[in-house]
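Q: Start counting the sequence shown at 0; every next residue gets the next number (numbering that gives the first Met the number 0). Glycine included, every Cβ here is placed at the ideal spot set by N, Cα and C.
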Amino acid sequence: MSSAVDPVRLLDRLDPEAPLAERHLWLIELLQWVRGTDGDARASVARLQLLLDTAEARPGWVRRWRAWWRRFTDTVDLAPLLADHGFAPRTAFLSEFGHRVRKKLLPGTPETTDLGALFDLLLPTADDVRWLRALDSQTLHRLHVLLFSPAPDEPATTGPGLWERSLLDALVFCVGQITATGYAAEIRVRMSEAAKSERTFHQLPVDMEDLRDAVLAHGVHGAEVQAAAAHLRTQLDACRHAAYSVYTHLDAHGVSVGIVFRLRQLRERVLRAKSLLDCLQSEQPERATAALLADLAQVGHDNRSLRALIASSSHLTAAKVAERSAESGEHYITRDAAEYRQMLGKAAGGGALIGLTTWVKFALYGLGLSLFWNGFAAGLNYAFFFVLVQLLHWTVATKQPAVTAPAMVAKLRDIRQPGAVRRFVDEVANLLRSQIAAILGNVGVVIPVVMLISGLLSAFTGAPMIDTEKARHVLHDMQLLGPTALFAAFTGVLLFSSSIIAGWVENWFVFHRLDSAIRHNPRTTRWLGRARADRWAGFLRRNISGLAANISLGLMLGIVPAFAEFFGLGLQVRHVTLSAGQVAAAAMSLGWDVLREPAFWSAVAGVAVVGPLNLAVSFYLAFRLALKAQAINDAHRSRIYAALRHRLRHAPLSFLLPPRPGAEPPPDASDDGLSADASGAETSRG
């Protein structure tokens, strides 16, 4: 509503006898007028002061307001707003996600006795937080005297008033929720033994009852109340520290988004209880009340965000996924000439199997399957050969970056330690060399293998791997100036997605202790035998991440294009090793004359673009995830980028060739110098 509305008319519309919805709509309109549309907190405070001036000059309005306020407090309960606003109705991630979706999609009604729901209509924007915090002490005092001081003809009351009783009730609700979370089986069994033995959650309700009795007996400022409140604060801190011990268990045994969400809710409940205590004991109750309302408005604004919920609850899971990927990624990074040669050999083996994959892929076209089943069959083909590559301890180049990026960023856990940035730059150089070796090994072998298979097929069956029409279609699809680059980048996203699936599956496997279940469960041991169950448990624990990555990647490469085609999106995948094999098959079908055709060389250039884009996109996404998981701030990132630029200028070959034995390490800027370039870099990790 515009601030040009006459405040006199606004005040005159106050009707204590109006229906519930009309009374609440009046309050919503009043606060809209105070808020205004200019986003200026000082202007909002000025409008509130004008409203107070107008109301103070109208004694009849004050009498109507007191009648209105009595009906309001008889109808709604303040305590649930103070205790529960901003928290999930049930302590579960999915229920809160659904609750927020409903609040975004469905309009709220002012015809409600739920003050939490009404509060979101009264103070719905960030501007409300700003003007509430901008209120000065004099305005707050005038507001309190005008609206909430007792009438001269009212009898004096002893003991806590409505506000103090509401604060006490809200504290009881908060403490009850904290205690219930501490008693929850999934939290309790994961606490440290020391936290269990202290029994902090058992004592918390007793301390809350002591505080309530002290307030009812001595008032909110008695010495007994101060002592009981101090003891309750100490117990709240003890409960929070006991809950924190669960994170140690999660670090060691896998992470659950649901458990992390409950721990975060418990922490916020403890902070809310402390805010309520501050408000109850404050020597300036008006200012404490305004601050509490501003905090509630801020919480209400923040808790409408789905992105914030997912980010806060899944951060630890993302960190654990990145950590699992880092463990796998160490196997794909070469650090000397011997490991470089080993990578070439592993990549050559992977390239040979991808050559067989290409043959099977084209053979599947002859089955004449429908779109979906053709994609599903292609996905099974890719998944089978990717898993075979893994079991033979070979490698496919494009699968590496999504797991090697977290392995590199793991070097930055102690970024403030001397040499941390240099070690990271060394790891980047090692990674790039490893990728070059893997691509050379894959592409260098897949091409002759496909040519050999095509030649053998021609010799024994009289037909190459694909016919001329299909060969022309392959060359057309791989043109450099077509959508090849876009499809290659999209494939990089799928490569990254497979690493996320792998990390999540491994975390799930560890969290549920499935290796121990396979090894010791009586039903499993009866079926497999103890020795075989033990071998299977060890095998799955070592390989579950790779199996999940390879199977998910293979299925996505086959099914996602078919799914996209169903919606007319036209998305395809471009995997460098598979693409190189397909172009080789097309060339064998068309004969040596194809070397004179521009379309062939454009397709070759397209393959040359596919590899870097596959690697760059998957690496970038994994790198960003790992930086967030390690909580690397902007200042530290500036140090990293400066060190990389320095290495590129002074030792570019270190990114391409393995170091010679006994060679001097490449020059690097000192960590001190980099720190000077990035002021504020010593900000602690979040």
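(1) My output table needs one value for P6: the three-state DSSP class, helix, strand or coil.
(2) Below 8 Å between beta carbons: does that hold for L480 and S578?
(3) Alpha carbon to alpha carbon, what distance is there between F599 and V712?
(4) Note down the Cα distance separating L485 from W393, rounded to an integer number of angstroms.
(5) If we call anything under 8 Å between Cβ atoms a contact, is E197 one with A237?
(6) Here's a check: name, in chain order, each residue in its chain whose Cβ is nearer than 7 Å to the Cβ of L527, leaving out the five neighbours to either side.
(7) Can you tell which of V128, L643, D119 has the C-alpha that lies nearest to the C-alpha of A419?
(8) If you follow the alpha helix (DSSP H) that A650 is in, where does it begin and where does it stop?
(9) N302 and A561: beta carbons closer than 8 Å?
(10) Excluding five sequence neighbours on each side, which residues of the same chain lie with their C-beta closer than 8 Å to the C-beta of A251?
(11) Tell me which residues share the same chain as A228 and place their Cβ nearer than 7 Å to its Cβ, disregarding the 5 neighbours each side in the sequence.
(12) What is the rounded straight-line gap between the Cα of R70 and the Cα of P15?
(13) Identify the continuous alpha helix (DSSP H) that holds M342 and give its terminal residues.
(14) Beta-carbon separation of V606 and V575 under 8 Å?
(15) Look at the alpha carbon of A194 and the alpha carbon of Q264, and state the distance between them as a whole number of angstroms.
(16) Mind checking whether R335 and P658 have CB atoms under 8 Å apart?
(17) Count the other CB atoms within 10 Å of the CB of E505; is the residue buried (16 or more) or exposed (fewer)?
(18) In this structure, how does DSSP classify D11 when only helix, strand and coil are distinguished?
(19) Check whether the Cβ atoms of G553 and Y381 sit closer than 8 Å, and answer yes or no.
(20) From A325 to S544, what distance separates their C-alpha atoms?
(21) I'd like the list of long-range same chain contacts for N613, defined as Cβ closer than 7 Å, with 5 residues on each side in sequence excluded.
(22) My output table needs one value for H140: the three-state DSSP class, helix, strand or coil.
(23) How do the segment 266 to 273 and the segment 53 to 68 stand: do at least 3 beta-carbon pairs fall below 8 Å, yes or no?
(24) If you check the beta carbons only, do A289 and L120 fall under 8 Å apart?
(25) Is the Cβ-Cβ distance between M686 and V256 less than 8 Å?
(26) Check for me: the alpha helix (DSSP H) holding G221 runs from which residue to which?
(27) Would you call the segment 443 to 459 and the segment 347 to 365 touching, i.e. three or more CB-CB distances under 8 Å?
(28) Of the residues D126, G350, V473, which one's Cα is nearest the Cα of V603?
(29) Quick test of your reading: L47 and T138, contact by CB under 8 Å. State the CB separation rounded to the nearest angstrom.
(30) From this set, S165, H519, G107, which residue's C-alpha is nearest D533's C-alpha?
(31) In the structure shown, what three-state DSSP assignment does H574 receive?
(32) Which same chain residues, not among the five before or five after V100, have their C-beta less than 8 Å away from its C-beta?
(33) Between the Cα of L391 and the Cα atoms of A347, G580, Y182, which residue gives the shortest distance?
A: On the basis of the supplied data:
(1) helix
(2) no
(3) The requested residue 712 does not occur in the structure, where the chain is confined to residues 0 to 685.
(4) 28 Å
(5) yes
(6) W535
(7) L643
(8) Here A650 belongs to no alpha helix (DSSP H), and DSSP marks it neither H nor E.
(9) no
(10) none
(11) L210, L276, Q280
(12) 7 Å
(13) 336 to 364
(14) yes
(15) 19 Å
(16) The residue asked about is misnamed: residue 335 is Asp in this sequence, not Arg. Yes, Cβ-Cβ distance for D335 and P658 is below 8 Å.
(17) buried
(18) helix
(19) yes
(20) Because A325 sits at a pLDDT of 49, beneath the cut-off of 50, its placement in the model cannot be relied upon, and the following sentence gives the value as read from the coordinates. Approximately 11 Å, taken between the alpha carbons.
(21) T397, A487, T490, G491, L494, H574, V575
(22) helix
(23) no
(24) no
(25) The question about residue 686 has no answer, for the chain in this structure spans 0 to 685.
(26) Taken as a continuous stretch (DSSP letters only), G221 belongs to no alpha helix (DSSP H), as it is neither H nor E.
(27) yes
(28) V473
(29) 7 Å
(30) H519
(31) coil
(32) L305
(33) A347
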